[in-house]
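Enquirer: Let me begin by handing over the structure; questions about it come next.
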Amino acid sequence: MSTLVATPATNVIQLQPRLRNADVVAGNPGSLADVELDRWANRLARLLIARGATAHTRIALAVEPQIEATVSAAAVRKLRATPAQLADAAAAVPGAAIGITTRARRAELSDSIDWLILDDRSTLQRYLVSSDAPITDAERLAPRKSA
């Protein structure tokens, strides 16, 4: 049985009709099945790896929509990194050099963190062409920093 995550239909990462081996509950648009969560988190984890994240990296999370927050937390776990939720009034997270957010939140956040902005066009383009295959130990341990 799949675990489902529900969110309003106005989410940043739009659900696609490409489910394999999983079902979204009929009549509940905006629900995400386990298999899709896994694939989406793998793609996002690869974007974090490209920014230099590895196992044990502290990654700030400043993401509001439920699906995006769930996928972001899953991507951080796949890297075996440490998620750091941003407190409501905080602009930075001690020890975090990389973070995940949306354009709506970016202005209030610290410039000392390299923010991956989920709803930025270039992020979405890189996300859509990245692999959804499982993250390997070699990927988790070998940092790659994009130019």
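Sequential numbering of the sequence shown, starting at 25, is according to the numbering used here.
Note that beta-carbon positions come from the ideal geometry of N, C-alpha and C, so glycine has one too.
1. For the region 73 to 131, list the alpha helix (DSSP H) runs that are entirely contained and at least 4 residues long, ordered along the chain.
2. In three-state terms, what does DSSP make of VAL29?
3. Report buried or exposed for LEU152, applying the criterion of at least 16 other Cβ atoms within 10 angstroms of its Cβ.
4. For ALA93, collect the residues of the same chain with a Cβ closer than 8 Å to its Cβ; drop the 5 residues on either side in sequence, then sort them by chain order.
5. Taking the alpha-carbon of SER96 as reference, which of ARG67, ARG130, ALA79 has the nearest alpha-carbon?
6. Measuring CA to CA, which of TRP64, ALA65, VAL100 is closest to ALA77?
7. Going by the beta-carbon positions, is the gap between ARG75 and LEU148 smaller than 8 Å?
8. Near PRO158, what residues of its chain come up, given a Cβ to Cβ distance below 7 Å and the 5 sequence neighbours on each side ignored?
9. By the 10 Å Cβ neighbour count, where 16 or more other Cβ atoms means buried, how is GLY51 classified, buried or exposed?
10. Taking the CB atoms as reference points, tell me whether LEU105 and LEU165 lie closer together than 8 Å.
Expert: Reading from the atomic positions:
1. 90 to 102, 127 to 130, all fully within the region 73 to 131.
2. Reliability of the predicted coordinates at VAL29 is poor, the pLDDT of 45 falling under 50, and the value obtained from them is presented with this limitation in mind. Correct three-state label for VAL29: strand.
3. An exposed status is given to LEU152, since fewer than 16 other beta-carbon atoms sit within 10 Å of its beta-carbon.
4. Contacts found: LEU85, VAL87.
5. Nearest of ARG67, ARG130, ALA79 to SER96, Cα basis: ARG67.
6. Selected option, being the one with the closest Cα: VAL100.
7. Not a contact, by the Cβ cut-off of 8 Å.
8. So the qualifying residues of the chain are ASN66.
9. Only weak support exists for where GLY51 lies, its pLDDT of 43 falling under 50; the coordinates are left without a value.
10. According to the sequence as given, residue 105 is Ala; it is not Leu. Contact: no.
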